[in-house]
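In the numbering used here, the protein residues as written are 756 to 1240.
This is the structure:
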């Protein structure tokens, strides 16, 4: 048989994989779905070949081989060596070491950059610049541009590179190359908390308090080079005992690229967006809100001029709602339910960087709030002001002052939602017939088994598979109903 999956990548390795369902979770789920045999070949402590697998056993490095013929009972590391040795002796294969990392040449032949603190002496050889003489400072020169000679511009200035050897006192020569930009910028985050401390690059106590970085947000171009070098430096400093963490950044998120009208922006195509023009026409808040709304933050989106009108209209309606709101009577229960659902949605989406869905949720709430041009209640409107402030700070600050808010809106408490009100009245119930999914129905959250069965059988896509009297009904409230016929 031919099995098709969506997790075999042609561009990775040879484009083919060996299925090991006992020890790879994706293979395990695939084999379970299609009822393929799952053979355990590694077991952990207090397990043997007969121990059932409820999920893939992936802690193989510390395991013992089973169902492996002559290698049964071998620890994994020992088994690897024994298997390689057997294959080598039989001529079937031979071990090869693939080096993925190579030496990193950090020297560059240019002016701008930290001079490498090394002195070359004919008598003493390579001599590091003494710590008391650090840092080595660039000279002020006018001819700092590189030429075709292949040497650093610093090599043209004998008055700078000719120095005494720190060991013997004879005349030596400074290294005229400077270090690579990626190395220079690989540890800036360590310096930031200790700015002003000239006697140390970073102070241990302050570094321990503020680092590692909680969240790093940048472009995909940083995901390999800059972050890789930062990890190198951080791990070296950790191993040397200077810092207490190995990873410099706890979380990394890369933002997507914004294109325009389906094409990448470029000066040659003449489709560059000049923010000043849009801010002058639409306002800074509308422009900012649109950028957050036009697509997922990590994927980017397509900038279209006509689409800015949506966020601008939303902000106009918010402003109008504040001017027309009333404090009479009580707020509408259904509107308040939608408000608390919106507060919950926005509060959850912002930390996930799902800004577009957060803005969409507020727009959706505005439609409910102003449905039929109703006069909104004060309690239905006011929580929306701090909610919109991260996206439209200027209008939020203005409305906050108009409505009697004290201080700045950014010093106010973030709106809290009532969990009871933030839950939808209706849910989507999965309908199965003989264990196979045949449809989904929207029902009341508190629906019972009998009513759920009636609603399920009324669904045409379900009814044709559930012909006849059900022998059994399995009902899981809030999740699914399985009709056995």
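Beta carbons are placed, not taken as given, at the ideal position from N, Cα and C, and that holds for glycine.
Taking C-alpha positions only, residue 843 is separated from residue 820 by approximately 20 Å.
Per DSSP, reduced to three states, the secondary structure at residue 1047 is helical.
Taking C-beta atoms under 8 Å as the contact rule, residue 1178 and residue 1204 fail to qualify, at a distance of about 21 Å. The C-beta distance from residue 874 to residue 929 rounds to 6 Å, short enough to fall under 8 Å.
Runs of the alpha helix (DSSP H) spanning 4 or more residues and lying entirely within the stretch 1146-1191 occur at 1148-1157, in chain order.
Under the DSSP definition of a beta bridge, residue 919 partners with 926.
Residue pairing of residue 830 in beta bridges, as defined by DSSP: 819.
Sixteen is the threshold: when 16 or more other Cβ atoms of the shown chains lie within 10 Å of the Cβ of residue 1093, as they do, the residue is buried. In the structure shown, residue 982 adopts helical secondary structure according to DSSP, grouped into three states. Excluding its 5 nearest sequence neighbours in each direction, residue 1196 has C-beta neighbours in its own chain below 7 Å: 1184, 1186, 1210, 1211, 1214, listed in chain order.
In this structure residue 1111 touches residue 1049 by the C-beta definition: roughly 7 Å separates them, less than 8 Å.
Here residue 1038 is buried, its C-beta having at least 16 other C-beta atoms within 10 Å.
Of the residues assessed, residue 1008 falls on the exposed side of the cut-off, its CB having fewer than 16 other CB atoms within 10 angstroms. In this structure residue 1086 touches residue 1135 by the C-beta definition: roughly 5 Å separates them, less than 8 Å.
The DSSP assignment places 873-876 as complete runs of the beta strand (DSSP E) inside the stretch 828-881, in order along the chain (cut-off: 3 residues). Between residue 1003 and residue 968 a beta carbon distance of about 6 Å is seen, short of the 8 Å cut, so the two are scored as contacting. Within the same chain, 820, 826 come within 6 Å of residue 834 by CB-CB distance, once the 5 residues on both sides are set aside.
Counting only residues of its own chain and dropping the five nearest sequence neighbours on each side, residue 1137 has a CB closer than 7 Å to the CB of 1158.
DSSP places residue 1066 in the helix class (H, G or I) of the three-state scheme. By DSSP's assignment, residue 883 forms a beta bridge with 873.
For residue 986, the closest C-alpha among the options 937, 780, 912 is that of 937.
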